[in-house]
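Report on one structure; see the data block that follows.
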Amino acid sequence: MVLSDEEEKTINTTLIVCNSLSFIGCFFILLMYLFFKELRSFSFRLVQYMSIIDLFHSITLMLPWDESNWWCIIQASSLQYTALSSIVWSLIIAYALYDSVINQNSKVELNEIKFILVGYLSPILTAIPPFFTNSYGKAEGWCWMRIREDHYTIDVTWRFMLFYIPIWIIFIISIIIYYRIIKYVNKQFKGVADSSEFNLKKALIRRLILYPLITFFCYLLVTVRRIYDFFDPRESYFPLAESSAIMISLTGFFNAFVYGFTSSVRYAIKQAWASRKKDSIDSRNSQSLSQYPHYTGF
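Plus 32 on top of the position in the sequence shown (first one is 1) and you've got my numbering.
Have a look at this one:
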């Protein structure tokens with residue numbers, strides 16, 4: 033499957049633009065965690081851990097590469113690691129929410145170290161095997177696990193066994209988890225007449241539905257594209273390659289927006305802005321009053 037030089041240039045520009053948005057989104061989440069102590073809850077720490085990996089994922093896809101040097105292998109292996117790690121973190125967040133809501137586990141935070149180890153270390157295992165078969169290289173638009181005619185079977189096997197099958201298994205598990213949480217929340221709010229509580233329920237369910245949809249939409253097109261490659265490896269379909277590049281590049285942006293830009297974050301920003309505005313007004317008033325030293329304010 034060969035893309036023209038012009039098509040590869042277009043995809044490269046797309047990767048830079050879309051991953052810049054993801055970088056900004058992830059960086060925003062990290063800044064929120066750094067500057068607002070009130071946001072440093074366990075749940076937001078998990079979002080921060082995912083944002084860190086999404087940040088590196090966006091940087092990886094913006095790396096300059098050449099199929100003949102080590103930069104391509106660095107991008108390929110880093111992309112495999114960061115993309116799968118981000119998906120694993122989405123499952124960890126789902127599990128933590130399930131354990132807290134359904135199992136009523138008030139000590140779920142005690143699993144934080146385990147979550148970190150699973151989220152950051154387990155994806156490394158999927159990035160190692162392609163090194164042994166020299167499967168990392170140019171993969172139609174960016175560097176990842178390439179497809180070679182003389183190693184077709186092993187290259188395709190790596191793609192599906194180490195990436196696509198795991199992410200869709202995680203997606204299905206996440207769907208089951210969030211379905212049970214939504215069912216539980218509906219049961220808890222059944223018969224509630226208070227409008228504020230009802231609105232809270234609707235907002236929670238709406239957000240829970242969005243979580244697995246990020247994985248679905250961001251990886252659907254690229255999965256379709258790789259299946260297309262599998263059945264017709266010598267032909268190129270640029271619109272599919274371009275659209276899949278857009279979606280995988282915006283993963284960090286969507287994660288940052290849905291997981292990170294919560295009501296708590298918006299409230300913290302609003303309070304900080306109000307405080308800054310008040311300080312600015314007080315400062316201007318002080319400067320004005322300094323012109324009238326005998327004015328007492330009464």
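Ideal Cβ positions, reconstructed from N, Cα and C, are used throughout, including at glycine.
Small disclaimer: the values here were computed from a predicted structure and weren't measured.
Any beta strand (DSSP E) of 3 or more consecutive residues that is wholly inside the segment 67 to 112: none
What ranges does the beta strand (DSSP E) occupy inside the segment 138 to 196, keeping only unbroken runs of at least 3 residues that lie completely in it? 168 to 170, 175 to 177
Of all the options ILE278, ALA306, LEU78, which has the alpha carbon lying nearest to the alpha carbon of ASN143? LEU78
With a cut-off of 8 Å, do at least 3 Cβ pairs link the segment 117 to 134 to the segment 167 to 176? no
What is the residue span of the alpha helix (DSSP H) that ALA288 lies within? Per DSSP, ALA288 belongs to no alpha helix (DSSP H) and is neither H nor E.
Contact check, ILE246 vs VAL217, beta carbons under 9 Å: no
Where do the ends of the alpha helix (DSSP H) carrying SER276 lie? 270 to 281
Pick helix, strand or coil for SER118, following the three-state DSSP scheme. helix
Out of ILE160, ARG257, PHE262, ALA304, which has the shortest C-alpha to C-alpha gap to PRO271? ARG257
For GLN80, collect the residues of the same chain with a Cβ closer than 8 Å to its Cβ; drop the 5 residues on either side in sequence, then sort them by chain order. ILE61, LEU62, TYR65
Residue from LEU71, TYR251, PHE289 whose Cα sits closest to the Cα of PRO198: TYR251
What is the C-beta distance between GLU181 and LEU35, in whole angstroms, given that I count them as a contact (C-beta under 8 Å)? No, GLU181 and LEU35 are not in contact; Cβ-Cβ is about 17 Å, not under 8 Å.
Would you check if the segment 109 to 118 and the segment 154 to 163 touch, i.e. whether three or more CB-CB distances between them fall below 8 Å? yes
Return yes when the Cβ of CYS175 is within less than 9 Å of the Cβ of CYS104, no when it is not. yes
Compare the beta carbon distance of LEU253 and SER275 with 9 Å and say whether it is the shorter of the two. yes
Mind checking TYR299: buried by the 16 CB within 10 Å criterion, or exposed? exposed
Anyone know if the C-beta pair for SER278 and THR46 falls short of 9 Å? Here residue 278 is Ile; the residue named in the question, Ser, does not match the sequence. In contact: ILE278 and THR46 (Cβ atoms closer than 9 Å).
Within the same chain, show all residues whose beta-carbon is closer than 8 Å to that of ASN3, passing over the 5 residues directly before and after it, in chain order. One cannot answer for residue 3 here, as it falls past the ends of the chain, which runs 33 to 330.
Between SER52, LYS219, ILE301, PHE285, which lies nearest to TYR243 when the distance is taken from Cα to Cα? PHE285
Beta-carbon contacts of GLY329 that lie in its chain and below 6 Å, excluding the five residues immediately before and after: Because the pLDDT at GLY329 is just 36, under 50, the model does not fix this residue reliably, and the value given afterwards should be weighed accordingly. Closer than 6 Å at Cβ, skipping near neighbours: no residue.
Output yes or no for whether 9 Å exceeds the beta carbon distance between ILE85 and THR114. yes
Measure the alpha-carbon distance for ASN231 versus PHE221 and round it to whole angstroms. 10 Å
Mapping the DSSP letters down to three states, classify ILE201 as helix, strand or coil. helix
Cutoff 7 Å; reference SER117; Cβ partners in own chain excluding five residues on either side: ILE85, GLY151, TYR152, PRO155
Contact check, ILE304 vs PHE68, beta carbons under 9 Å: Rather than Ile, the amino acid found at residue 304 in this sequence is Ala. Yes, these two residues count as a Cβ contact at 9 Å.
Relative to the C-alpha of TYR196, which residue among THR255, ALA288, MET82, ALA126 is closest? THR255
Closer than 8 Å by C-beta to VAL188: which residues in its own chain qualify, once you throw out the five before and the five after it? Chain order, please. ILE179, PHE262
Within the same chain, show all residues whose beta-carbon is closer than 7 Å to that of LEU93, passing over the 5 residues directly before and after it, in chain order. LEU47, ASN51, LEU111, TRP174, SER281
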